[in-house]
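Here the protein sequences line up with chains A and B, keeping their order. In terms of the working numbering, the first sequence opens at residue 3 and continues consecutively. In terms of the working numbering, the second sequence opens at residue -2 and continues consecutively. Glycine included, each C-beta is placed from N, C-alpha and C at the ideal position.
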Amino acid sequence: MEPAVLTGEHFLNGDVACAEGALAAGCRFFAGYPITPATEIAEHMSKRLPGVGGVFIQMEDEISAMAAIIGASCAGVKSMTATSGPGFSLMMENIGLGIAMETPCVLVNVQRAGPSTGLPTLGAQGDMMQARWGSHGHYEIIALSPCSPQEIFYQTITAFNLSETYRIPVLIMADEIVGHLAERVIIPQSSKISLQSRPRAKGRKDRFKPFHPGANGVAPMAHAGEGYMVHFTGLTHDERGYPAMTADAQAEMIERITGKIQRNLDKIIQVERYRLEDADIALVSYGISSRSSLAAVDEARERGVKAGLLRLITVWPFPEQIVRELAKRVKRFITVELNLGQIHLEVQRCAEGRAPCLLVGHAGGAVITPEDIVKKILEQT
Amino acid sequence: MRKEILITGLGGQGIVLAGQVLGMAACIEDHLESSFTQSYGPEARGGACSAQLVISDKPIHYPYVRAADILVCMSQTGYEKYHHLLRAEGTLIVDQDMVRSWEGASGDVFPVPATRMAEELGRKMMANIVMLGFVTSVTGAVSLKGMLSSVADSVPKGTEKTNIAAFTKGYDLGQAMLKARTKKAAGNKNKEQG
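Given below as structure tokens:
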């Protein structure tokens, strides 16, 4: 066996750092279909998994890749897939299945510019709303957005921990630039990495109810083959997992899958505040765009403008309360993202008219430069 | 200290690997912050590509080159597309057989026969490593010790020796060129004094 945690100092790109984070988190199953700019994740997992007792499968497409990781997770193995735009679209239906079956798993989207085949080798952040609402029906999702190889390493571990704790597919919404950007990545000793596991079934196997929630709203999980009575379906189901075709059963199930996230927002949501204490202008950004924003904050401050940055580490669930509080004291919001206004709409919604919300957007295929942002900031003063 | 390095050329020339090797030397061996990004097209070979490296002693926010201190060009298109990004007082290093014309170039120019030297060593594909030796020698942006270990760690197993030989060729040429320049400068100075 090879070591699963490569403790030490490395110079890695974001894709490889993501794969190493997954291995450090205990991921032992990867199913995927190669696609630029996420291919390096699959490639690295295919090299590493056999050496740590795991399984890698290259599937026939992204639909089956998503189905396979749900299946592996139901059998008790931490599992992951990685893709980009077109593959993300194909995975949408089975993301819904993972949500309905409350199956822990991690999906990485290394975003490229779309729609359709778009710009395969060039970055964008155009799938942020698709991440929130791309599968049909009403549900909650958790999505993280990394801004560096070091951060994607840790976020992948966090993604597994959240998916296990809340029994939900967790999305890592990276972008081509972070995926292909190489920087220092420090991998800690495995004893320093805290890992969470799904709540497990206990008690009489014949009376087990696979969707009966525990104290934090999350139902303990029995794995296939353990002898517990389990039934999984994408149809609306009761606590036994059996189809229940009534409005009452629907209300109960949707309350469970949304409530377990909404009641734990403070434990899920993470943001970084940069020079925000006395800021008049609050930038809101995530992923690679937040790096340009950090530079822009410093440059604006050098010119005497009090700018700060709210960097979203968790994008979904959206940090509503944090933006609401900020709206009471900042003069302007400027959202910076590689699309023409997606998270911008969320900021607008949460600002509730208290502060004007502006956008530095871009259709994708390049990065937003610090100059673009500084120009917008100076226009406001 | 913030140094911005831009390496340009064609897919297949090992441009991206060159950036990776430099970035790794700066990060792991020289203990600096380094951010390495790449841009390439959908073609496997022959398309224009570039590697961008930012090295700093402080955290790097924006990881792209805004005004290059060092521009390395291994193709004519690479030179034409990127030479405007070179600082006026920057260093331009061109593969003199691949870039035929660098008229009007700003900065300090070093023409290097990297591809020819690699061919003489028996492997044209080591031109990138010859170039790295030269860059290390004339710019001092990364340490020699760091580069030697970074090159050995990054090339295919079994080819370490030949690659280090290629690197050393480039490095030695750089040292010789610097020496010749110093001599010439000293000569000019003597003439002025005389």
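- Inter-residue distance for A:Val273 and A:Leu360 is about 20 Å (C-alpha atoms, whole angstroms).
- The beta carbon of A:Glu104 lies closer than 6 Å to those of Arg169 in the same chain, with the five residues before and after it left out.
- A contact is defined here as three or more CB-CB pairs under 8 Å, and the region 45 to 57 of chain B meets this definition with respect to the region 65 to 82 of chain B.
- When DSSP assignments are scanned along the region 17 to 45 of chain B, the uninterrupted stretches of beta strand (DSSP E) that are 3 or more residues long and fall wholly within it turn out to be 30 to 36.
- Taken through DSSP and simplified to helix, strand or coil, B:Trp99 comes out as coil.
- A:Thr119 counts as exposed, since fewer than 16 other beta carbons sit within 10 angstroms of its beta carbon.
- For the pair A:Glu4 and A:Phe162, the Cα-to-Cα distance works out to about 21 Å.
- Taking 7 Å as the cut-off, the Cβ atoms of A:Pro201 and A:Pro222 count as close.
- DSSP places B:Tyr168 in the helix class (H, G or I) of the three-state scheme.
- Cβ proximity to chain A below 7 Å picks out His58, Tyr59, Pro60, Tyr61 from the region 49 to 68 of chain B.
- Between the beta-carbon of A:Ala67 and that of A:Gly34 there is about 5 Å, and that keeps the pair under the 8 Å contact cut.
- Bounds of the beta strand (DSSP E) holding A:Asn111 are 107 to 115.
- Nearest C-alpha to A:Gly128 among A:Ile345, A:Arg275, A:Glu373: A:Ile345.
- Assigned with DSSP and collapsed to three states, A:Pro372 falls in helix.
- When rounded, the separation of the alpha-carbon atoms in A:Ala217 and A:Arg265 is 11 Å.
- For B:Lys0, the three-state secondary structure derived from DSSP is strand.
- A straight-line Cα-Cα distance of about 25 Å links A:Leu314 and A:Glu42.
- Using beta-carbon distances, A:Leu14 does not count as an interface residue toward chain B, since no partner is under 7 Å.
- By DSSP's assignment, A:Ser287 forms a beta bridge with A:Arg313, A:Val338.
- The beta carbon of B:Gly143 sits closer than 6 Å to those of Ala22, Glu26, Asp27, all from its chain and outside the five residues before and after it, given in chain order.
- Going by C-alpha positions, B:Leu14 is about 28 Å away from A:Pro88.
- For B:Cys70, the enclosing beta strand (DSSP E) stretches over residues 65 to 70.
- Here A:Lys308 is buried, its C-beta having at least 16 other C-beta atoms within 10 Å.
- Taking the CA atoms as reference points, B:Thr74 sits about 18 Å from B:Thr88.
- DSSP, reduced to helix, strand and coil, places A:Ile101 within a helical segment of the structure shown.
- Following the DSSP letters along the chain, one finds A:Ser81 inside the beta strand (DSSP E) bounded by residues 81 to 85.
- Taking 7 Å as the Cβ-Cβ cut-off, the region 4 to 22 of chain B approaches chain A at Gln17, Gly20, Met21, given in chain order.
- Going by beta carbons, A:Tyr230 and A:Lys204 fall outside the 7 Å limit.
- Within a 10 Å sphere around the beta-carbon of A:Thr248 sit fewer than 16 other beta-carbons, which makes this residue exposed.
- The Cβ of B:Ser140 sits no closer than 7 Å to any Cβ of chain A.
- In this structure A:Val376 is in contact with A:Ala298, their Cβ atoms being roughly 5 Å apart against a cut-off of 8 Å.
- Inter-residue distance for A:Glu327 and A:Ile283 is about 14 Å (C-alpha atoms, whole angstroms).
- Across the structure, A:Gly367 and A:Asp177 are spaced so that their CA atoms are roughly 11 Å apart.
- Excluding five sequence positions before and after A:Ile195, the CB atoms of its chain that fall closer than 8 Å to its own CB belong to Val7, Ala26, Ala27, Ile159, given in chain order.
- Here A:Ile189 really is in contact with A:His12; their C-beta atoms are around 7 Å apart, less than 8 Å.
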